[in-house]
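Residue numbers (our numbering), protein chains in the order written: chain A, 2 to 763; chain B, 21 to 243; chain C, 266 to 344; chain D, 266 to 344.
Here is the structure we will look at, set down as structure tokens.
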Amino acid sequence: MTSVHTIDSVQHAESTPDLPQPYLELGLADDEYARIRDILGRRPTEAELAMYSVMWSEHCSYKSSKAHLRYFGETTTDEMRAKMLAGIGENAGVVDIGDGWAVTFKAESHNHPSYVEPYQGAATGVGGIVRDIMAMGARPLAVLDSLRFGPADAPDTRRVLPGVVAGIGGYGNCLGLPNIGGEVVFGPTYVGNPLVNALCVGAMRAEDLHLAHATGAGNKVILFGARTGLDGIGGVSVLASETFSGDESAGGRKKLPSVQVGDPFTEKVLIECCLELFGRGLVVGIQDLGGAGLSCATSELASAGDGGMHVELDRVPLRANGMTPAEILSSESQERMCAVVKPSDVDDFMAVCAKWDVTATEIGEVTDGERLVINWHGETVVDVPPRTVAHQGPVYQRPVARPSTQDDLRADTTQALWRPSDASDLEGTLVRMVAAPNLASRRWVTEQYDRYVRGNTVLAQPADTGMIRIDEETGRGVALATDCNGRYCELDPYVGAQLALAESYRNVAVSGAKPIAVTNCLNFGSPTDPGVMWQFSEAVRGLADGCRELGIPVTGGNVSFYNQTGDTAILPTPVVGVLGVIDDVRRRIPIGIGAEAGETLLLLGDTRDELDGSEWAHVVHDHLGGRPPRVDLAREKLLCEIMIAGSRDGMISAAHDLSDGGLAQALVESCLIGQTGARVILDPDMDFFVQLFSESAGRVLVAVPRTEEPRFTEMCTARGLPWRKTGVVDPESGALDIQDVASFPLDVLRTAWEGTLPALFD
Amino acid sequence: MKIGVITFPGSLDDVDAARAVRYAGAEPVALWHADQDLHEVHAVIVPGGFSYGDYLRCGAIARFAPVMTSVLDAARGGMPVLGICNGFQILCEAGLLPGALVRNSRLHFVCRDQWLRVENTHTAWSSRYERSAELLVPLKSGEGGYVADRSILDELEGEGRVVFRYVGKNPNGSLRDIAGISSPNGRVVGMMPHPEHAIDALTGPTDDGLGMFYSVLDSLVAA
Amino acid sequence: MARVVVDVMPKPEILDPQGQAVAGALPRLGFQGVTEVRQGKHFELEVDDSVDDATLAKIAESFLANPVIEDWAVRRVEL
Amino acid sequence: MARVVVDVMPKPEILDPQGQAVAGALPRLGFQGVTEVRQGKHFELEVDDSVDDATLAKIAESFLANPVIEDWAVRRVEL
Ligand SMILES: Nc1ncnc2c1ncn2[C@@H]1O[C@H](COP(=O)(O)OP(=O)(O)O)[C@@H](O)[C@H]1O
Ligand SMILES: [Mg+2]
Numbered sequence: 002m003t004s005v006h007t008i009d010s011v012q013h014a015e016s017t018p019d020l021p022q023p024y025l026e027l028g029l030a031d032d033e034y035a036r037i038r039d040i041l042g043r044r045p046t047e048a049e050l051a052m053y054s055v056m057w058s059e060h061c062s063y064k065s066s067k068a069h070l071r072y073f074g075e076t077t078t079d080e081m082r083a084k085m086l087a088g089i090g091e092n093a094g095v096v097d098i099g100d101g102w103a104v105t106f107k108a109e110s111h112n113h114p115s116y117v118e119p120y121q122g123a124a125t126g127v128g129g130i131v132r133d134i135m136a137m138g139a140r141p142l143a144v145l146d147s148l149r150f151g152p153a154d155a156p157d158t159r160r161v162l163p164g165v166v167a168g169i170g171g172y173g174n175c176l177g178l179p180n181i182g183g184e185v186v187f188g189p190t191y192v193g194n195p196l197v198n199a200l201c202v203g204a205m206r207a208e209d210l211h212l213a214h215a216t217g218a219g220n221k222v223i224l225f226g227a228r229t230g231l232d233g234i235g236g237v238s239v240l241a242s243e244t245f246s247g248d249e250s251a252g253g254r255k256k257l258p259s260v261q262v263g264d265p266f267t268e269k270v271l272i273e274c275c276l277e278l279f280g281r282g283l284v285v286g287i288q289d290l291g292g293a294g295l296s297c298a299t300s301e302l303a304s305a306g307d308g309g310m311h312v313e314l315d316r317v318p319l320r321a322n323g324m325t326p327a328e329i330l331s332s333e334s335q336e337r338m339c340a341v342v343k344p345s346d347v348d349d350f351m352a353v354c355a356k357w358d359v360t361a362t363e364i365g366e367v368t369d370g371e372r373l374v375i376n377w378h379g380e381t382v383v384d385v386p387p388r389t390v391a392h393q394g395p396v397y398q399r400p401v402a403r404p405s406t407q408d409d410l411r412a413d414t415t416q417a418l419w420r421p422s423d424a425s426d427l428e429g430t431l432v433r434m435v436a437a438p439n440l441a442s443r444r445w446v447t448e449q450y451d452r453y454v455r456g457n458t459v460l461a462q463p464a465d466t467g468m469i470r471i472d473e474e475t476g477r478g479v480a481l482a483t484d485c486n487g488r489y490c491e492l493d494p495y496v497g498a499q500l501a502l503a504e505s506y507r508n509v510a511v512s513g514a515k516p517i518a519v520t521n522c523l524n525f526g527s528p529t530d531p532g533v534m535w536q537f538s539e540a541v542r543g544l545a546d547g548c549r550e551l552g553i554p555v556t557g558g559n560v561s562f563y564n565q566t567g568d569t570a571i572l573p574t575p576v577v578g579v580l581g582v583i584d585d586v587r588r589r590i591p592i593g594i595g596a597e598a599g600e601t602l603l604l605l606g607d608t609r610d611e612l613d614g615s616e617w618a619h620v621v622h623d624h625l626g627g628r629p630p631r632v633d634l635a636r637e638k639l640l641c642e643i644m645i646a647g648s649r650d651g652m653i654s655a656a657h658d659l660s661d662g663g664l665a666q667a668l669v670e671s672c673l674i675g676q677t678g679a680r681v682i683l684d685p686d687m688d689f690f691v692q693l694f695s696e697s698a699g700r701v702l703v704a705v706p707r708t709e710e711p712r713f714t715e716m717c718t719a720r721g722l723p724w725r726k727t728g729v730v731d732p733e734s735g736a737l738d739i740q741d742v743a744s745f746p747l748d749v750l751r752t753a754w755e756g757t758l759p760a761l762f763d
Numbered sequence: 021m022k023i024g025v026i027t028f029p030g031s032l033d034d035v036d037a038a039r040a041v042r043y044a045g046a047e048p049v050a051l052w053h054a055d056q057d058l059h060e061v062h063a064v065i066v067p068g069g070f071s072y073g074d075y076l077r078c079g080a081i082a083r084f085a086p087v088m089t090s091v092l093d094a095a096r097g098g099m100p101v102l103g104i105c106n107g108f109q110i111l112c113e114a115g116l117l118p119g120a121l122v123r124n125s126r127l128h129f130v131c132r133d134q135w136l137r138v139e140n141t142h143t144a145w146s147s148r149y150e151r152s153a154e155l156l157v158p159l160k161s162g163e164g165g166y167v168a169d170r171s172i173l174d175e176l177e178g179e180g181r182v183v184f185r186y187v188g189k190n191p192n193g194s195l196r197d198i199a200g201i202s203s204p205n206g207r208v209v210g211m212m213p214h215p216e217h218a219i220d221a222l223t224g225p226t227d228d229g230l231g232m233f234y235s236v237l238d239s240l241v242a243a
Numbered sequence: 266m267a268r269v270v271v272d273v274m275p276k277p278e279i280l281d282p283q284g285q286a287v288a289g290a291l292p293r294l295g296f297q298g299v300t301e302v303r304q305g306k307h308f309e310l311e312v313d314d315s316v317d318d319a320t321l322a323k324i325a326e327s328f329l330a331n332p333v334i335e336d337w338a339v340r341r342v343e344l
Numbered sequence: 266m267a268r269v270v271v272d273v274m275p276k277p278e279i280l281d282p283q284g285q286a287v288a289g290a291l292p293r294l295g296f297q298g299v300t301e302v303r304q305g306k307h308f309e310l311e312v313d314d315s316v317d318d319a320t321l322a323k324i325a326e327s328f329l330a331n332p333v334i335e336d337w338a339v340r341r342v343e344l
């Protein structure tokens, strides 16, 4: 089957210029195909066509989003850039956190695969993002996962959620990466289109930053890790069924599943192997193999370097028989990395791989030329300028139009909806809300994740933010939170994205860490829908403007389009991840109250009548309409400064930010997590319902030791942050007592809060 | 005092075990799975993780590692050995401790802070505790259900070789709530929960686990 | 009453890390000559005589196996 | 070359939570009449002709199964 005439070589392509090619089936448009012919001055070979088609896909080329994403760069000031060692465009952003440490973090979506095969889809999502972090030269330290599912009681959710959770746990636990946070959100638009976004954070000494560059002619290209199989080449198997190969078995591959199976053990060993390689200085450049496999790794390495690259494709160790060059180049087999290594270091490199029992193969070398040349059994099957594959894909200005329904949506506020007012209605509403799937305890999920491994986890679920210690000597650490409320984004994508940023930022700040950088995972419907593109562009602008106002840069991110079932797009879901740094993790502020006797509860920030898009409107009235809460980033910044000062001076013993479910939810969680009761007195001059369930942004509930109360409140007053004494911690009562509403025994609240997910999914 | 901590490919909690040894004031020594040499350590910890991926059965492949031959010899000679989680599974697979660990009864991996009761304070690894003391220690495993023949269970109970028992709701279906057991001479202990993750209230629920590492130092000094 | 066996195996083109781990370990344990191993699941079901083959196939296909990545085979065995 | 199948099952007296979970789920999915389910492992090995039955038994007993909790059966199948 490797006999000469079956190979579509460059030579063969030149001699058969008019041969019809299945570019449409591979997802390329007519003009895109024409451009490839133009670039090459001939028709592409089968292998080249495979490369261009995957690299120019939406997923790899960002062709619909690029024009908008530029705005992130345009709004990043020099000051914001100061601590950024690598930014958008690299595998993952890197920031300097001080003491010589650099931290890298990034999120990625694995939505569609997780719908098709929940366990493996989610597992390989974790695997992929971890390799991105390794490609920066960092040791992966922790993961987070941000999840969206259909309604909690939908049959589809029952199928998808347990598999996704088990997959994330199964893979992450086996890698020895603590899971320190994330989200689980249920909503009707995610039926048939769950969102599985995984985030990984890693650290390295700043001088060890490895960027994906193939520099230095003569340096060797080494592929290491798992063997290459037929995984995830669903689209490209079209080629195998086409004319050239003449191979019967290949023709039979047409309906290959594009599902990949993960092997976390191989990845774990790969991590240790990479770290030893980095540690010994044996790597010039490195790239992970993710989407688009070798096509991506070779073209990106080559185009980011200063020369070309030559690859002998038949040296790639294979797992399946009779794979064609196009298939090998597009395979998305997991757990593989590609390194550029000095010739003099190759033996040492191979020895380290042998120690870890990792398969490693020299597949080519960096060349002087400017072309990426790939041979297959002596014939050239690829000869392209690598930049045209990796970076010069098409860029679309998709039509953008604000949907005509948007005005009606915004006019349909919650004002007309029935609101509870007397004590017993409020009491019933509170218990019902606490047990609602979106507000109930996430323990059923998080118990399946190892949060302890490696012994550096300082805060993890339940907490507003995950926090890990980076440096055992100094106690320096980082905090990470992810957030997004898709309902707010539906009502106003610009404000919604800023609210996601504000919440994530606040979640980091309430732990006492200082937010320093942002990543995102932008999940939207189809880019061919002008309304979706409007949501997208508004969200990007909102996020970028918000970051500029807060003074923290977006260092990277991910775009996932085509999240829709039929014509119905998901709610716009721009998940925002914020990274913070804390000089000494011993000063972290936990959620649970009651650590010290006689704490006072203070509510910081302003409460307004803001219930449009709220969890209450969703749970009680199944209503979505109106305007999202107001966002005030200057206030968020002030709040953050107060929290950091409070942490530094030991003035705060616990804190919890207010978000979904409002004050009621924050009070319940603070009591249940702290296993301590409290007595609360609401403001008699304001509607109780609004006080308990409004979702106004920029608010935090803090517990302050009585001795610190004057100092803390004076600081707030002096700096112009509104505060209100809301109650006291009451270790004796075993209840959350809200004066003039009800006294809620903690065991009643716990049953309501913790019972929901087990009842649904056990 | 030197305490060896084995690293298999796929070991995860080896760094944590080494840290616990350090916190207790001893010197951790890294032992490599492929190396028979125990480097003159005075005791050995077989740590948690997923050795070789644990795809076949937890611990099934690791027990054949060269280093385990030396550990088995040393254990028979009285060297204290502690198997934690995957380490416990490996010691059972290797026949150093009786019984086996099976899939949790609720089928899910479980990570939670778990109360344990100390049932035997005469082993090399538990002498620092008061009898019936209750410890709060992380449990994190998918295959933590301890099973053995009834006759073996009776023997373990009769000889006082149940070292730790779960308190409260049984988290994984372990027979007789067994969380940890010892060899007849009390030198080898295997347990599913992770004392090495309870050495500092900053990163674990408590520091209740430190006692195990102090215990073994006591036993080595006494020996 | 009948006993039914359902074997579920990873599809040939799908990665089988479990089988690979076994195959890789055997030579280290001193067993030569095993060139390939694949690992799947084996179910033994006790079923009423009312359950017909079509139902069994449906159980295997829709529940015991994930047809995206696994093949399955059902057979009745004599007791 | 020969193909060898090894089935490994939890011993009858050992609790089998996986099998139980399957048995419990079937009626909920609308499948009646399955009274018991046990779940084990199924291995398919490709072995050289040099590998005799005694060796296969040893592989099953000392490695693929844990005799404390599992039974095993080896059979050669025609290709
Ligand atoms: N999918 C998940 N993976 C890991 N942790 C999660 C996940 N979902 C929720 N959590 C954790 O559970 C806790 C409660 O979540 P949530 O109420 O969404 O927090 P918040 O409202 O502060 O963002 C947090 O510690 C969060 O990180
Ligand atoms: Mg929060």
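Just so it is clear, CB atoms sit at the ideal spot from N, CA and C, and this is done for glycine as well.
query                                                                                                                                                                        : result
Residues of the region 78-90 of chain B in Cβ contact with chain E at a cutoff of 7 angstroms, in chain order, please.                                                       : In the structure shown, chain E cannot be found, because the protein chains are A, B, C and D.
When the Cα of Y24 (chain A) is compared with those of A:R44, A:T17, A:V11, A:S16, which residue comes out closest?                                                          : A:R44
Can you find a CB in chain B that lies within less than 9 angstroms of the CB of Y120 (chain A)?                                                                             : no
Whole angstroms are fine: how far does the CA of L231 (chain A) sit from the CA of M324 (chain A)?                                                                           : 8 angstroms
How is the beta strand (DSSP E) around D788 (chain A) delimited, first residue to last?                                                                                      : No answer is possible for residue 788 (chain A): it lies beyond the span of chain A, which begins at 2 and ends at 763.
Given a threshold of 16 other Cβ atoms within 10 Å of its Cβ, counted over all protein chains shown, does D317 (chain C) qualify as buried or as exposed?                    : exposed
L492 (chain A) CB to nearest chain B CB: under 9 angstroms?                                                                                                                  : no
What number of angstroms, rounded off, separates the C-alpha of V271 (chain C) from the C-alpha of V130 (chain B)?                                                           : 29 angstroms
Tell me which residue opens and which closes the beta strand (DSSP E) that T447 (chain A) is part of.                                                                        : First-last for T447 (chain A): 444-447, but that is the alpha helix (DSSP H), not the beta strand (DSSP E).
So H214 (chain B) contacts chain A; which residues on that side make the cut at Cβ distance below 8 angstroms?                                                               : Y453
Quick check on this structure: which residue in A:G456, A:I37, A:L162, A:V511 has the alpha carbon closest to the alpha carbon of M644 (chain A)?                            : A:V511
By a C-beta neighbour count over all protein chains shown, 10 Å radius and 16 as the cutoff for buried, is W754 (chain A) buried or exposed?                                 : buried
What do you reckon, are the CB atoms on T626 (chain A) and T458 (chain A) nearer than 9 angstroms?                                                                           : According to the sequence as given, residue 626 (chain A) is Gly; it is not Thr. In this structure, T458 (chain A) does not lie closer than 9 angstroms to G626 (chain A) by Cβ.
Output yes if chain D places a C-beta closer than 9 angstroms to the C-beta of E113 (chain B); else output no.                                                               : yes
Closer than 8 angstroms by C-beta to D238 (chain B): which residues in its own chain qualify, once you throw out the five before and the five after it? Chain order, please. : S147, R148
List the endpoints of the continuous beta strand (DSSP E) containing M85 (chain A).                                                                                          : 85-87
Which residue marks the beginning of the alpha helix (DSSP H) containing C641 (chain A), and which one marks its end?                                                        : 634-649
With C339 (chain A) as the anchor, note down where its beta strand (DSSP E) starts and where it stops.                                                                       : 337-342
In its own chain, which residues sit with a C-beta less than 6 angstroms from the C-beta of R123 (chain B), not counting the 5 before and 5 after it?                        : E163
Just to make sure I have the definition right: I need the residues of chain C whose C-beta is within less than 9 angstroms of the C-beta of L76 (chain B). Which are they?   : Q283, A286, V287, A290, Q304
Where DSSP assigns a beta bridge to S561 (chain A), which residues make up the other side?                                                                                   : A:N524
Mark V396 (chain A) as exposed unless 16 or more other C-beta atoms lie within 10 angstroms of its C-beta, in which case mark it buried.                                     : exposed
Assign C485 (chain A) to one of three DSSP states: helix, strand, or coil.                                                                                                   : coil
When the distance is taken between beta carbons, is H214 (chain A) closer than 9 angstroms to V341 (chain A)?                                                                : yes
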